[in-house]
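Here the structure is laid out as structure tokens; the discussion comes afterwards.
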Amino acid sequence: MEPQSIGSIDVSVILGRFDDSDLDLVVKSQDIPLGITPGGVIGGGGTAGGFGITIKEASNADNVILWPAISMDNPDRRDAIYKATVEALNSAEKIEATKIGFFTLGLEVSRIPSWEIAEEIIKAINDYSKEETLLDK
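Numbering follows the numbering used here, with no gaps: position 30 of the sequence shown is 249.
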């Protein structure tokens with residue numbers, strides 16, 4: 220996708236593998252829950268009493284911030300994503316980062332709809348871009 224400008228910040232959506240070594244700061248999930256629920260369903264979150272496995276998202280970036288542990292069952296998931304995005308943007312500003320990446324695999328595996336994730340990230344970037352910032356991507 221071609222970059223779209225939100226204020227002074229260029230935003231791109233990239234699907235698939237991405238080498239994050241060129242980014243100054245990334246936001247990823249620490250543990251992505253996978254497993255079999257008591258009902259025998261393979262899925263993320265809610266595996267209490269069943270077999271559970273977690274995987275970690277690898278990163279080559281120097282600065283990594285973690286998404287909060289949330290899932291579809293969390294009624295405040297949108298607010299948590301928005302707040303985590305704002306915190307990441309503030310952290311990026313503190314370390315004088317110019318490029319930041321938001322990796323959402325862990326949130327999507329937790330069954331949070333991708334459109335909810337995208338809406339909250341874009342809303343936070345839009346609000347943040349109204350102030351003067353060092354971020355450009």
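Yeah, the Cβ is synthetic: ideal placement off N, Cα and C, and Gly gets one too.
Note that the coordinates shown come from a computational prediction; the quantities given were computed from them, not determined experimentally.
Query	Result
As assigned by DSSP and simplified to three states, the class of Ser329	coil
For Ala303, the three-state DSSP class (helix, strand or coil)	helix
Under 8 Å between C-beta atoms of Ile329 and Ile289	The question names Ile, yet the displayed sequence has Ser at residue 329. It is a contact, given that the beta carbons lie within the stated cut-off.
Residue(s) in a DSSP beta bridge with Val245	Val283, Gly320
For Val232: DSSP bridge partner residues	Partner(s): none; Val232 has no beta bridge.
Buried versus exposed call for Phe321 [16 or more other C-beta atoms within 10 Å across all chains shown]	buried
Residue environment, Arg296, which counts as buried when at least 16 other CB atoms sit within 10 Å	buried
Pairwise C-alpha distance: Val283 and Asn240	Per the sequence presented here, residue 240 reads as Ser, with Asn not at that position. Their backbone Cα atoms lie some 11 Å apart in a straight line.
Ala316 versus Asp292 - alpha carbon distance	33 Å
C-alpha gap between Val182 and Pro294, whole angstroms	The structure shown does not extend to residue 182, since the chain is modelled only from 220 to 356, so the question has no answer here.
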